[in-house]
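Read through the structure below, which is laid out as structure tokens, and then see the notes.
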Amino acid sequence: MTAEPFRDTSLTVAQRAQDLLSRLTADERIAMLHQAAPAVERLQVSAFHTGCEALHGAAWLGTATVFPQPVGMAATWDVDLIERIGEVAATEVRAKRAENPLVSLNVWAPVVNTLRHPAWGRNEEGYSEDPHVTGHFGAAYSQGLRGRHERVWRTVPALKHFLGYSNETDRSATSSEMSLRTLHEEELPAFRDAIERGVAGGMMLAYNQVNGTPAHTQPELVDEARSWAPGSLAVVSDAGAPTFVVKVQRAQPDHEHAAAALVRSGMDSFTDDGADAEPTIAHVRGALEAGLLTQEDVDRAVARVLEMRVRSGEFDGADDPYAGITADDIDAPASRALAREAVASSVVVLRNDAALLPLAAPASVAVVGPLADLVLTDWYAGTPPYAVGIAQGLGARYPSAAVRVETGADTIALRDLASGRYVAAGHGGAAVDASADAAGEAALWDLTDWGDGILTLRSHASGRLLTGGAWPMRADADRVGGWVVQETFRKHVHADGSWSLLHLGSGRWVKVSREVGLLVAEGVTVGDASRFAARVIRSGQAAVAEAAAEADVVIVAVGNDPHLSGRETEDRPHLMLPESAVAVWRAAREQNANAVLAIVSSYPYVLGEGMADAGTIVWSSHGGQELGNGVADVLSGDVPPSGRLAQSWPTDAAQAGDLFDYDTLRQRATYRHQPSPYAFAFGHGLTLSEVAYLGVTLDDSAVEAPAPSHRHAPLVATDPSDASVRTTVRVANRGARVAEELVQLYALAPSDLPIPTPRRVLVGYRRVRLEPGEERDVEIGFDPARLAVWDDGIRVEGAVDDWLHQGALRVQAGAYRVAAGPSADDLAVGAVLQVTEGGV
Numbered sequence: 002m003t004a005e006p007f008r009d010t011s012l013t014v015a016q017r018a019q020d021l022l023s024r025l026t027a028d029e030r031i032a033m034l035h036q037a038a039p040a041v042e043r044l045q046v047s048a049f050h051t052g053c054e055a056l057h058g059a060a061w062l063g064t065a066t067v068f069p070q071p072v073g074m075a076a077t078w079d080v081d082l083i084e085r086i087g088e089v090a091a092t093e094v095r096a097k098r099a100e101n102p103l104v105s106l107n108v109w110a111p112v113v114n115t116l117r118h119p120a121w122g123r124n125e126e127g128y129s130e131d132p133h134v135t136g137h138f139g140a141a142y143s144q145g146l147r148g149r150h151e152r153v154w155r156t157v158p159a160l161k162h163f164l165g166y167s168n169e170t171d172r173s174a175t176s177s178e179m180s181l182r183t184l185h186e187e188e189l190p191a192f193r194d195a196i197e198r199g200v201a202g203g204m205m206l207a208y209n210q211v212n213g214t215p216a217h218t219q220p221e222l223v224d225e226a227r228s229w230a231p232g233s234l235a236v237v238s239d240a241g242a243p244t245f246v247v248k249v250q251r252a253q254p255d256h257e258h259a260a261a262a263l264v265r266s267g268m269d270s271f272t273d274d275g276a277d278a279e280p281t282i283a284h285v286r287g288a289l290e291a292g293l294l295t296q297e298d299v300d301r302a303v304a305r306v307l308e309m310r311v312r313s314g315e316f317d318g319a320d321d322p323y324a325g326i327t328a329d330d331i332d333a334p335a336s337r338a339l340a341r342e343a344v345a346s347s348v349v350v351l352r353n354d355a356a357l358l359p360l361a362a363p364a365s366v367a368v369v370g371p372l373a374d375l376v377l378t379d380w381y382a383g384t385p386p387y388a389v390g391i392a393q394g395l396g397a398r399y400p401s402a403a404v405r406v407e408t409g410a411d412t413i414a415l416r417d418l419a420s421g422r423y424v425a426a427g428h429g430g431a432a433v434d435a436s437a438d439a440a441g442e443a444a445l446w447d448l449t450d451w452g453d454g455i456l457t458l459r460s461h462a463s464g465r466l467l468t469g470g471a472w473p474m475r476a477d478a479d480r481v482g483g484w485v486v487q488e489t490f491r492k493h494v495h496a497d498g499s500w501s502l503l504h505l506g507s508g509r510w511v512k513v514s515r516e517v518g519l520l521v522a523e524g525v526t527v528g529d530a531s532r533f534a535a536r537v538i539r540s541g542q543a544a545v546a547e548a549a550a551e552a553d554v555v556i557v558a559v560g561n562d563p564h565l566s567g568r569e570t571e572d573r574p575h576l577m578l579p580e581s582a583v584a585v586w587r588a589a590r591e592q593n594a595n596a597v598l599a600i601v602s603s604y605p606y607v608l609g610e611g612m613a614d615a616g617t618i619v620w621s622s623h624g625g626q627e628l629g630n631g632v633a634d635v636l637s638g639d640v641p642p643s644g645r646l647a648q649s650w651p652t653d654a655a656q657a658g659d660l661f662d663y664d665t666l667r668q669r670a671t672y673r674h675q676p677s678p679y680a681f682a683f684g685h686g687l688t689l690s691e692v693a694y695l696g697v698t699l700d701d702s703a704v705e706a707p708a709p710s711h712r713h714a715p716l717v718a719t720d721p722s723d724a725s726v727r728t729t730v731r732v733a734n735r736g737a738r739v740a741e742e743l744v745q746l747y748a749l750a751p752s753d754l755p756i757p758t759p760r761r762v763l764v765g766y767r768r769v770r771l772e773p774g775e776e777r778d779v780e781i782g783f784d785p786a787r788l789a790v791w792d793d794g795i796r797v798e799g800a801v802d803d804w805l806h807q808g809a810l811r812v813q814a815g816a817y818r819v820a821a822g823p824s825a826d827d828l829a830v831g832a833v834l835q836v837t838e839g840g841v
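Here the sequence shown stands for residues 2 to 841, numbered as in the numbering used here.
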């Protein structure tokens, strides 16, 4: 018996998908439009589920290797490393599928929304404020997820979130207002690279509206993205977005009209109502019956989903080259080594004025602050197989040193004023009640202030966090987490000095139940809340000061918890380093001048005057399981620091502009437009040596402007012939240590051009290793189309005639300065490139 053609690997992807489509009934085709597609048993086609999270490793599937957040991966500026991380993530997704066939090989990653504003709650999910850098690194991660097998994809990446999405506040209601210039210069390029290279097979639409229309119903934008792809592109909705089109955005009168608008706009898969496909099926049927949709519309969408499934090898049987991946491939030794390499490569030395780095072998080290030995994961992380904090990493690196950890948390006791008893945690934290006669071990709580009055309380008895997520309250949470965080509180101080606690997850006040004394979060107003006499048993700041005074060196580890003050659904309230973190720094620094500020965060901070005396500052994103070892590798000098910022750190909040204004040119936001120096500029990061930039030379000092087009030139030309501007940057290592330098090349346009241009644009870069005393010529080429700006007055012959293409990208003639240096704010050497008029 001959196998069905859709299982024939000699056929094209499109042929196989069309064959399978032809075998499906009309009802089966409609069912394929939902995220949870049922099995078709008569064809031996298994149930299918779009979407598996793999942002920086396999997520939501249990134990998996956890790598640095994408904003940290970007700081490596190492596309080979980023691709290798993607390979491990995809392999572990495959391994999870070997355990559970319902695990999807359609991975919803990477996020290629630009980090245009550091207040965006999902900042850690993106790569860079520069759209071309974002696209370049996103393509590298996609390549790793896809793999390099010619026929079968290890996984099928879906880029998130198309388009104009970088605010969480009212994200499903707000409209991202963008001119054609902003769309073509700032937004579309971030998505193009991975799609054009054929390493992204899918795309997720964004919750927001674009210029007043839901991003989910913008056919011109979706068609534009599909026009870049060498194959098909399966487009999925974000979770719940089809419903939001009707109920939040009110762009369609009912669900039938919405279903029709979504499918006809190019969306292929409904992520709505969880695993329940029936509402979607009913809405699509209703749209068909009303003549709002045709069967051909449905078939086109289903065919693209089937092509995605064909690509993954789902129907290949033994011909799937990845079929041998098993659960044994999770947490492999090589993956652990890669995780450590990734952290070390991502750590950025922001400042080393005090020359404390590399650390001399200390006899004693104090590691202080809330992140002293705590490894935190974000919403889109997996469960790490182990976790090494900074103190543990330093202890392993300096085994003979005495390492003392102080978190800066106050140890307190809370006495219920009504009963006179102390709040205590029972065995394992299973119960919390006001039952203790004295402030013994069970009645002690470590109070951590995460900034802006957000508090967590950790029990000495259970070692776990107090949570309001259960009734009655418990102290058994391993970490702050969940879609709705249940482990955070805010205190209200009454006139008599007593406290009441507001449980932030529920918005209810903590009460002590009468007689039995159990704590419950159910008070509606502060008047319903119990009052507690709070007594500080041990001062956290005093302990930090003591530890710092006794140590040779003190590492002050502060930053954010990725579930607090900036995360999905919640933008940051401000950009400042929390006052609680500043207080920890002050307590340590005033006792010990040998203080290193180690910031572990999902985003940049404005450090403020309170940190002016921080002479040595390093930054890491939340680096995952090997955070502590990777940071120790850089602090010790065992690994020369190579991390560089792919996102500017503002001097003040005004530099970032307005979170809800997507026009970076008008706001003079991001390094491309900002005239004032940043605290730490785009591309900034120090070596432990002294690298000098000696000059820039051009192979040819003049180039003809390319013809206007709608093409977004990638940061690194895929075709060497496109890199027609060739430069040589002369650099030298004047110091005594090896330097890992990121040689950056920027183009600065003349100020008198008819169309205003960015002040500077990164056009190329090279990572180089320089031995002490070494001088080297570094060759960097770039496509002159990288200098293009959008011109509304140009029409490209033969272009699509719609609103999106009413204009073109054009390189203006003029004398451009091509400059090189270690950051966008430090471009000491350069040469003039004369761009002459080209063909129109």
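For each residue, glycine too, the CB sits at the ideal point set by N, CA and C.
Ser173 and Asn209 do touch by the CB rule: their CB atoms are close to 7 Å apart, below 8 Å.
The region 326-336 and the region 597-617 do not touch, with fewer than 3 CB-CB distances between them shorter than 8 Å.
If you draw a 10 Å sphere on the C-beta of Tyr387, you find fewer than 16 other C-beta atoms in it, and that means exposed.
Taken in chain order, the whole beta strand (DSSP E) runs of length 3 or more contained in the region 414-444 are 423-426, 433-437. Residue pairing from DSSP places Tyr694 in a beta bridge opposite Val732.
Comparing C-alpha distances from His575 to each of Gly452, Thr457, Val525, Met612 shows the shortest one belongs to Gly452.
Distance between Leu805 and Ser228, taken at the CA atoms: about 13 Å.
A straight line joining the alpha-carbon of Val406 with that of Asp497 spans about 34 Å.
Here Gln745 carries a strand assignment [DSSP, helix/strand/coil].
Excluding its 5 nearest sequence neighbours in each direction, Asp826 has C-beta neighbours in its own chain below 7 Å: Pro678, Tyr679, Ala682, listed in chain order. Shown here, Arg30 sits in a helix according to DSSP, grouped into three states. Look at Trp804 here: in three-state DSSP terms it is helix. Sixteen is the threshold: since fewer than 16 other Cβ atoms of the shown chains lie within 10 Å of the Cβ of Leu103, the residue is exposed. Three or more beta-carbon pairs drawn from the region 816-826 and the region 748-758 are found closer than 8 Å, and the two stretches are therefore classed as touching. In the displayed model, Ser143 falls within a helix according to three-state DSSP. With 16 or more other CB atoms across the displayed protein chains lying within 10 angstroms of its CB, Thr92 is buried. Taking 9 Å as the cut-off, the Cβ atoms of His217 and Ala230 do not count as close. Within the model, the alpha-carbon separation for Ser180 versus Asp330 is close to 47 Å. Shown here, Trp229 sits in a helix according to DSSP, grouped into three states. Beta-carbon to beta-carbon, Leu164 and Gly202 are separated by about 18 Å, too far to satisfy the 8 Å threshold. Counting only runs of 3+ residues, no beta strand (DSSP E) is found wholly inside the region 253-284.
In this chain, the alpha helix (DSSP H) harbouring Asn630 covers 628-636. In this chain, the beta strand (DSSP E) harbouring Thr468 covers 466-468.
Contact between Ala410 and Gly541 holds: CB atoms are separated by about 5 Å, below the 8 Å threshold. Per DSSP, Pro158 is one residue of the beta strand (DSSP E) stretching across 157-163.
Judged by DSSP secondary structure, Met474 falls outside any alpha helix (DSSP H); it is assigned neither H nor E.
Under the criterion of beta carbons closer than 8 Å, Val812 and Ala786 qualify as touching, at roughly 6 Å. Excluding sequence positions up to five before and after Pro322, its CB lies within less than 7 Å of the CB of His150, Val153, all in the same chain and listed in chain order.
DSSP, reduced to helix, strand and coil, places Leu458 within a strand of the structure shown. Nearest Cα to Tyr166 within the set Ala582, Ser177, Asn212: Ser177. Shown here, Thr92 sits in a helix according to DSSP, grouped into three states. Annotation for Arg667: no residue places its beta carbon closer than 8 Å to its own, counting only its chain and skipping 5 residues before and after. The DSSP-derived three-state label of Gly528 is helix. In the three-state DSSP reduction, Phe533 falls in the strand class (E or B). Cβ-Cβ distances below 6 Å link Glu308 to Val14, Ala18, Ser233 in the same chain, with the five nearest sequence neighbours on each side left out; the list follows chain order.
Within the model, the alpha-carbon separation for Thr384 versus Ala55 is close to 12 Å.
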